[in-house]
Amino acid sequence: MDYIVFDLEWNQCPEGKDMEVPELPFEIIEIGAVKLNSERKIMDKFHCVVRPVVYPKLHFRTKEIVKKTDEELRQGMAFPDAVQGFLEWAGPEAFFCTWGSVDLIELQRNMKYYGILNLLKGPMHFYDVQKLFAINYETTKARRSLEYGIDYLDLDKELDFHQALSDAYYTAEVFQTIDWDVVYAYDSIDVYQNPRTKAEEIHAIYNGYSKYVSREFVSKEEALADREVTSTQCCRCEKLARKKLRWFSVNAKNYYCVAVCPVHGYMKGKIRMKKTDEGRFFVVKTIKVSSEPEVEDIKRRKEAMIIRRREKKRNK
163 MDYIVFDLEW NQCPEGKDME VPELPFEIIE IGAVKLNSER KIMDKFHCVV
213 RPVVYPKLHF RTKEIVKKTD EELRQGMAFP DAVQGFLEWA GPEAFFCTWG
263 SVDLIELQRN MKYYGILNLL KGPMHFYDVQ KLFAINYETT KARRSLEYGI
313 DYLDLDKELD FHQALSDAYY TAEVFQTIDW DVVYAYDSID VYQNPRTKAE
363 EIHAIYNGYS KYVSREFVSK EEALADREVT STQCCRCEKL ARKKLRWFSV
413 NAKNYYCVAV CPVHGYMKGK IRMKKTDEGR FFVVKTIKVS SEPEVEDIKR
463 RKEAMIIRRR EKKRNK
């Protein structure tokens with residue numbers, strides 16, 4: 163297996179958010195990547211500048227950060243040619259690695275805009291090196307900048323940051339330091355291309371939590387009426403865990419519950435409601451091993467939500 167560690171730079175509408183193209187808020191202007199073999203040794207590199215079409219003029223912040231001129235960009239490749247070259251170089255068995263999850267989303271969003279999303283099949287498993295760094299060296303919830311990771315590991319900083327190829331090299335260097343046990347245990351799932359059918363649904367078990375990505379539903383109500391969406395199975399033994407606190411929402415997107423496994427104790431459930439570009443819905447559900455303090459915190463959230471709703475009704 164080859165690991166493809168890549169980084170993207172992109173531009174945004176120089177006239178502000180009100181003038182942007184809704185289907186493409188960020189237009190890719192540079193792709194940089196390095197290829198690692200199964201032992202995580204760097205074997206090859208890829209780099210290209212992409213000619214912007216939707217936002218041909220650089221946003222002032224983009225110009226400050228990526229240090230590219232309008233003239234350099236005019237000499238770049240057309241995006242469809244650039245991404246096709248990148249994917250051919252990466253190879254059909256490539257396993258992508260990025261710092262954070264945003265680059266993979268924006269790559270697919272740009273591909274969809276140009277009608278070539280079929281070149282990259284999803285949903286995709288990938289390695290979020292930012293998350294792996296947090297798990298390996300700090301805490302699972304910490305999310306640090308790439309430069310922080312390089313400084314933390316006391317690695318050389320000979321290359322400029324915010325250049326696609328440089329950042330790909332830096333990300334690869336951090337990835338090389340992560341324990342294999344962490345790498346194998348904590349891959350991530352990109353759902354920009356979400357499951358469409360029951361057969362495509364994702365069930366994944368990790369160390370201390372499970373993840374379920376559902377098929378599409380017409381509405382939130384239909385999703386929440388589905389038995390599998392709202393079920394609570396222990397993320398360790400996979401047996402049904404009895405609900406102690408039923409699903410409730412604190413906003414329109416996130417739902418929480420608490421369940422108890424007779425063997426492994428408290429489980430914390432979270433449903434994130436996702437909306438597709440076509441207006442349909444799917445859910446990403448995680449079930450995690452929990453503790454009594456976390457359970458009490460969820461109870462307080464529900465109580466606060468109930469109080470807010472009562473006050474809202476009274477004020478109508």
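Using my numbering, the first residue of the sequence shown is number 163, and each one after it goes up by one.
We put the beta carbon where it would ideally sit given N, CA and C, even for glycine.
Give the DSSP-derived three-state secondary structure of W409 in the structure shown. Three-state DSSP puts W409 in a strand.
Could you tell me the alpha carbon to alpha carbon distance between F241 and L235, rounded to whole angstroms? Each residue's alpha carbon lies about 11 Å from the other.
Pick from V245, L315, W261, E473 that is closest to L282, judged by C-alpha positions: When V245, L315, W261, E473 are compared, the shortest CA-CA separation from L282 is found for V245.
Span of the beta strand (DSSP E), counted from its first residue to its last, around Q174: Where Q174 is concerned, the enclosing beta strand (DSSP E) stretches over 165-174.
If I166 and F258 are in contact, beta carbons under 8 Å, what's the gap, nearest whole angstrom? Contact holds; Cβ gap of about 5 Å.
Integer-rounded CB distance, given that D329 should sit under 8 Å from K308: For the record, residue 308 in the displayed sequence is Leu; it is not Lys. Between D329 and L308 the Cβ distance is about 6 Å, and since that is below 8 Å, they are a contact.
Roughly how many angstroms separate the alpha carbons of V353 and D322, rounded to a whole number? C-alpha separation (whole angstroms): 31 Å.
With DSSP collapsed to three states, give me the class of F323. F323 sits in coil when the DSSP states are folded into three classes, being neither helix nor strand.
Please classify T231 as buried or exposed, where buried requires at least 16 other C-beta atoms within 10 Å of its C-beta. With fewer than 16 other Cβ atoms within 10 Å, it is exposed.
Counting beta carbon pairs with one atom in the stretch 292-301 and one in the stretch 333-348, are three or more of them shorter than 8 Å? Contact check between the stretch 333-348 and the stretch 292-301: three or more CB pairs, one atom from each, fall below 8 Å, which counts as touching.
Is K461 helix, strand or coil when you go by DSSP? Shown here, K461 sits in a helix according to DSSP, grouped into three states.
Could you tell me whether the stretch 445-465 touches the stretch 420-433, where touching means 3 or more Cβ pairs closer than 8 Å? Under the 8 Å Cβ criterion, the stretch 445-465 counts as touching the stretch 420-433, having at least three qualifying pairs.
Excluding the 5 residues flanking E182 on each side, which residues of the same chain have their C-beta closer than 6 Å to its C-beta? Excluding sequence positions up to five before and after E182, its CB lies within less than 6 Å of the CB of C175, all in the same chain and listed in chain order.
Using the rule of at least 16 other Cβ atoms within 10 Å of the residue's Cβ for burial, across every protein chain shown, is M163 buried or exposed? So M163 counts as exposed.
Counterpart residues of A421 in DSSP-defined beta bridges: K405, M429.
D232, enclosing alpha helix (DSSP H) - first and last residue: In the DSSP assignment, D232 falls within the alpha helix (DSSP H) that extends over 232-236.
Can you find at least 3 beta carbon pairs, one from the stretch 264-284 and one from the stretch 363-371, that sit closer than 8 Å? Too few Cβ pairs lie closer than 8 Å, so no.
Just the C-alpha distance for K225 and E171, rounded to the nearest angstrom, thanks. Separation of K225 and E171 (C-alpha to C-alpha, rounded to the nearest whole angstrom) is 11 Å.
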